[in-house]
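The UniProt record's numbering applies: residue 1 is where the sequence shown begins, and numbers increase by one. Contents: one structure, followed by commentary.
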Amino acid sequence: MSRFIYILFAVCLFCSGLTVQASTLSERQYRLLEKAQELVAEESYQEALTETQDAVDDWDPGLGLVLILQLRGQVYQLLDQTEDTLKSYERALSLEVLEGTRRSALAAAIAQLYLIDSQPEKAREVLVPALEAPAGEGLKHAAQAYVIVAISYQTQERWKDSLPWLVQAEAYATSIPENWLAMRAAAEFQISDFAAAEVTMKRLVERAPDKRNYWVQLAAAQQFQEKQAQQLATLEIAHQRGLIAGSSEELLMIQLQAAQDMPARAARNLEQRISELSSVEGNSEEENLDDERRLLSAYQRQARDLALAAETMVSNDSSSVNEAIQLAMMDGNCDLVQELSRSHVRKLEGLTMISVAQCSLNDRDTASAREWFQRASEKSDSAVIASQWLTYLSDLQKAGLR
Numbered sequence: 001m002s003r004f005i006y007i008l009f010a011v012c013l014f015c016s017g018l019t020v021q022a023s024t025l026s027e028r029q030y031r032l033l034e035k036a037q038e039l040v041a042e043e044s045y046q047e048a049l050t051e052t053q054d055a056v057d058d059w060d061p062g063l064g065l066v067l068i069l070q071l072r073g074q075v076y077q078l079l080d081q082t083e084d085t086l087k088s089y090e091r092a093l094s095l096e097v098l099e100g101t102r103r104s105a106l107a108a109a110i111a112q113l114y115l116i117d118s119q120p121e122k123a124r125e126v127l128v129p130a131l132e133a134p135a136g137e138g139l140k141h142a143a144q145a146y147v148i149v150a151i152s153y154q155t156q157e158r159w160k161d162s163l164p165w166l167v168q169a170e171a172y173a174t175s176i177p178e179n180w181l182a183m184r185a186a187a188e189f190q191i192s193d194f195a196a197a198e199v200t201m202k203r204l205v206e207r208a209p210d211k212r213n214y215w216v217q218l219a220a221a222q223q224f225q226e227k228q229a230q231q232l233a234t235l236e237i238a239h240q241r242g243l244i245a246g247s248s249e250e251l252l253m254i255q256l257q258a259a260q261d262m263p264a265r266a267a268r269n270l271e272q273r274i275s276e277l278s279s280v281e282g283n284s285e286e287e288n289l290d291d292e293r294r295l296l297s298a299y300q301r302q303a304r305d306l307a308l309a310a311e312t313m314v315s316n317d318s319s320s321v322n323e324a325i326q327l328a329m330m331d332g333n334c335d336l337v338q339e340l341s342r343s344h345v346r347k348l349e350g351l352t353m354i355s356v357a358q359c360s361l362n363d364r365d366t367a368s369a370r371e372w373f374q375r376a377s378e379k380s381d382s383a384v385i386a387s388q389w390l391t392y393l394s395d396l397q398k399a400g401l402r
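Pasting the structure below:
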């Protein structure tokens, strides 16, 4: 029954207003059409074709023959006999009986078959003239027909040519399907009209706010226009929706936050990202995470969170311990200096040992300070300074001040 409804709908689409033209159909023609439709409803397709064959051969050109040819075309289509479908539809169109919207509807059906057969030029050859002809008083050609023309251009990567047809389809449509907007955005990106693409992508994210790709493409359109603030806002909304977690777009968002003078926010988001990615079993991106840890340390320094930056630097790579201790010294965090020095004694440079010793002096731990200065005196980069400090401590001790 569903197939019968499809056939009946198609006949009504092509032949709206049939009752008005009843005088053009004889009773015999009506009865044959009715019987053929019943056979189609029963899925007796071959019987329907046999029943209507004489009409195809004998009837004079007119509405009755057009309806028979259309019905046969629909039956062939249900049987996946594309060549016979095209022959029936094209003969019906060639009779020049249908006008306006009824003609464009039949032309659209033919054009779709040509598109399926990868013949976009033939699709346009049939459909464009029908759409350029008057639709009829108070009528408009079906919006979908304009989209078919647009598709024919896009299959040939003629993006610019497709756009006017999509715009016209939107103008005639009572509601605009999401895929039409996606087609329009694709064309606008391809011709580098990024301002227009941004507008279309905003319509798409409003239509389907949970589709990750729409947010990413909107951000891309803004990036191409060097609209960093808007791009950041787009990515942050997508991030809040949980659409870009762990992705390269999340990292881009973080980098934009730092570029927009929000290093503390960038650091928080990057720290969370590293934590989440590190917790994934079998993560093969450890080398990339090392890069991101270094980036995190840079953001923390930019945000003047020097102690946290120092901890981040050595969290997974002890080779940066000397720089980390200097950051902790700049932050006045001697507890962290002592902690890092105890954990990485063999990696400390001479000047770093001097810093550790100075922290010991600040804590009034002269013995520890002397020990660190003694170690530093054995390093070429700090031997002179360390010796001066050792002499100074000896003088203080002799004077009874230490």
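Using N, Cα and C, we set each Cβ at its ideal position, and we do this for glycine too.
Here L251 is not near T234, since their CB atoms are 8 Å or more apart. Between the region 115–126 and the region 149–163, the count of C-beta pairs closer than 8 Å reaches three or more; the two stretches touch. In terms of Cβ geometry, A48 and I68 do not form a close pair [threshold 8 Å]. The region 160–168 makes no contact with the region 199–213, as fewer than three CB pairs between them are under 8 Å.
The three-state secondary structure of K398, taken from DSSP, is helix. If you draw a straight line from the Cα of D331 to the Cα of L306, it is about 6 Å long. The beta-carbon separation of Y172 and A143, rounded to 4 Å, stays under the 8 Å limit for a contact.
DSSP, reduced to helix, strand and coil, places I244 outside both helices and strands of the structure shown, so it counts as coil. Taken through DSSP and simplified to helix, strand or coil, S377 comes out as coil. Counting of Cβ neighbours within 10 angstroms places N333 among the buried residues, the total reaching 16 or more. Taking a contact to require three or more Cβ pairs closer than 8 Å, the region 335–347 and the region 290–300 do not qualify as touching.
Within the region 222–270, the complete alpha helix (DSSP H) runs of at least 4 residues fall at 228–240, 248–259.
In the structure shown, L49 falls within a helical segment according to DSSP collapsed to helix, strand and coil. Excluding the 5 residues flanking it on each side, Q77 has same chain C-beta neighbours closer than 7 Å at T85, in chain order. DSSP places W59 outside any alpha helix (DSSP H), giving it a letter other than H or E. The Cβ atoms of M253 and H239 lie closer than 8 Å to each other.
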